[in-house]
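I have placed the structure first, in the form of structure tokens, so that the comments after it can refer back to it.
There are 2 protein chains.
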Amino acid sequence: MEETFRRSLYSELDDIDYGIVRALQENARLPFTTIAKELGVTEKTVRMRVQQMQDEGVLSLVGIVNPVKAGLNVQSFIQVAVEANKLDDVVATLNEIVEVRLIVLTTGDYQLIIQILVRNYEELAQFLMNKLNKVPGVTRVNVINELKILKSKYKFIR
Amino acid sequence: MEETFRRSLYSELDDIDYGIVRALQENARLPFTTIAKELGVTEKTVRMRVQQMQDEGVLSLVGIVNPVKAGLNVQSFIQVAVEANKLDDVVATLNEIVEVRLIVLTTGDYQLIIQILVRNYEELAQFLMNKLNKVPGVTRVNVINELKILKSKYKFIR
DNA sequence: ATACTATAATACGAATTCCGACAAATCGCA
DNA sequence: TGCGATTTGTCGGAATTCGTATTATAGTAT
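Which chain is which? The protein sequence lines are A and B, in order. Letter 18 of the first sequence, counting from 1, is numbered 18 in the UniProt record's numbering, and no numbers are missing. Letter 15 of the second sequence, counting from 1, is numbered 15 in the UniProt record's numbering, and no numbers are missing.
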């Protein structure tokens, strides 16, 4: 049998959780035994906490590729204006599109900001003409190309 | 002695690299032995490739916290217009500010888009008034609050 | 083509880590 | 206080990681 119990949904992270997160955001493969020693708890405790935080969407342990090194040379933010009553549908459609890595509901003149990754400008053009502008409910888009990423960090906890 | 050799800077990832990346972007803690079996190479090979890709900034294995679950409830994109000759200085200054998790040079009316994470609107106000607007060279800002993240994926490679 | 050098892959044993079952401790609450 | 549920600790076997030594491969100059 797997571990079936579950802590009541995380209201707040405690010191041990923060310790774990602080360690893993540096290096997702840090041994649980190391973290445990540092925090003064058992490896099993660390293991269970990590499992729970992952299960509840608090923590993700992922490998992130430098997009440019993987041939995804063109990255853009795109602001998208949407007819109010079509928002759900538009989001659902965008969700299925592989180029889209981020969809955020925002304040401002546009309802959404999305971020896309493509190999080159040809693909960007294809995406805009054949995909985004054909989604019913999209009324206006504002493309902001990313020329260079100057800082990008995933360490949110200090 | 550590592993001192180094592959000539990655021009392109080969099939094994892609296999490794594809596996790790799902789960950063997947055992190297598992990946190795899948790809038909040795565990040591996988281990060395991962090390190299990390050293060269191609791959990062990180734990990412859900900011809201960690009390960072307010997230914003901020477009920043900068005097042309002050761009370097502004970027250097923003780089040191803990709330700033992303700085991107962009096309469009503003030179930069930054993303910030703070605990609440009070902190956002403090950031805008006491930090961002006091950076010499910043002429205009456009704050776009993130109301809800509807999609966010780190799996760039398919 | 051959030899040479640097890099990469494999083989493999020892050390470490992970895993899961069970027991003990703690927490929440009636 | 007592009870049930959850969390933490203990511990031994299985799996993984790590480092060294060896072999293979690619690129280059002779």
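Virtual Cβ for every residue (Gly too), placed ideally from N, Cα, C. The structure displayed is predicted, hence computed values, not measured ones.
message = Rounding to the nearest angstrom, what Cα-Cα distance links V68 of chain B and A92 of chain A in this structure?
response = In the second sequence, residue 68 of chain B corresponds to position 68, counting from 1. In the first sequence, residue 92 of chain A corresponds to position 92, counting from 1. Their Cα atoms are separated by approximately 23 angstroms.
key: Ordered list of beta strand (DSSP E) runs contained in the stretch 27-106 of chain B, each at least 3 residues   = 59-65, 74-82 and 100-106
First and last residue of the uninterrupted alpha helix (DSSP H) at V135 of chain A = Your numbering for residue 135 of chain A matches position 135 in the first sequence. Here V135 of chain A belongs to no alpha helix (DSSP H), and DSSP marks it neither H nor E.
inquiry  = Out of B:G57, B:T33, B:N145 and B:V58, which one is the CA nearest neighbour of V46 of chain B?
reply    = Locating residue 46 of chain B in the second sequence gives position 46, where the first residue counts as 1. If we check each option's Cα against that of V46 of chain B, B:T33 comes out closest.
Rounded C-alpha distance that separates E3 of chain B from Q52 of chain B = If you number the second sequence from 1, residue 3 of chain B lands on position 3. If you number the second sequence from 1, residue 52 of chain B lands on position 52. Unreliable positioning characterises E3 of chain B in this predicted model, as indicated by a pLDDT of 37, which lies under 50. The coordinate reading is nonetheless provided below. In a straight line, the C-alpha of E3 of chain B is about 10 angstroms away from that of Q52 of chain B.
inquiry  = In the DSSP output, what is E146 of chain A paired with across the bridge?
reply    = Taking the first sequence and counting its residues from 1, one reaches residue 146 of chain A at position 146. The partner list for E146 of chain A (beta bridge, DSSP) reads B:T106.
ask   = Who are the near neighbours of K131 of chain A in its chain, counting only those whose CB is closer than 7 angstroms to its CB and skipping five residues on each side?
value = Start at 1 with the first residue of the first sequence, and residue 131 of chain A comes out as number 131. Answer for K131 of chain A: I97, listed in chain order.
ask   = So is R29 of chain A in contact with chain B if we call contact Cβ pairs under 8 angstroms?
value = For the purposes of this step, residue 29 of chain A is identified with residue 29 of the first sequence, where counting begins at 1. At least one chain B Cβ lies under 8 angstroms of R29 of chain A.
key: 6 angstroms CB neighbourhood of V104 of chain B in its chain, flanking five on each side removed   = Indexing the second sequence from 1 puts residue 104 of chain B at position 104. Cβ within range, chain order: I113.
query = So, do the stretch 134-142 of chain A and the stretch 118-126 of chain A have three or more beta carbon pairs nearer to each other than 8 angstroms?
reply = no
ask   = Under 7 angstroms Cβ-Cβ, which residues of chain B neighbour Y154 of chain A?
value = Within the first sequence, residue 154 of chain A is the residue found at index 154, counting from 1. Going along chain B in sequence order, the residues near Y154 of chain A (Cβ under 7 angstroms) are V62 and I64.
key: Supposed close pair L59 of chain A, V82 of chain B - CB separation, criterion 8 angstroms   = Walking along the first sequence from the start, residue 59 of chain A turns up at place 59. Walking along the second sequence from the start, residue 82 of chain B turns up at place 82. Actually they are not in contact, since the Cβ atoms of L59 of chain A and V82 of chain B sit about 35 angstroms apart, beyond 8 angstroms.
ask   = Is L117 of chain B near K151 of chain A, with beta carbons less than 8 angstroms apart?
value = Position 117 of the second sequence, counted from the first residue, corresponds to residue 117 of chain B. Position 151 of the first sequence, counted from the first residue, corresponds to residue 151 of chain A. Going by C-beta atoms, L117 of chain B is not nearer than 8 angstroms to K151 of chain A.
query = What did DSSP end up calling I116 of chain B once you bin it into helix, strand or coil?
reply = Residue numbering aside, residue 116 of chain B sits at position 116 when the second sequence is read from its first letter. Correct three-state label for I116 of chain B: strand.
query = How should E99 of chain B be labelled, buried or exposed, when 16 other C-beta atoms within 10 angstroms of its C-beta is the threshold for buried?
reply = If you number the second sequence from 1, residue 99 of chain B lands on position 99. Classification of E99 of chain B: buried, given that the 10 Å Cβ count is 16 or more.
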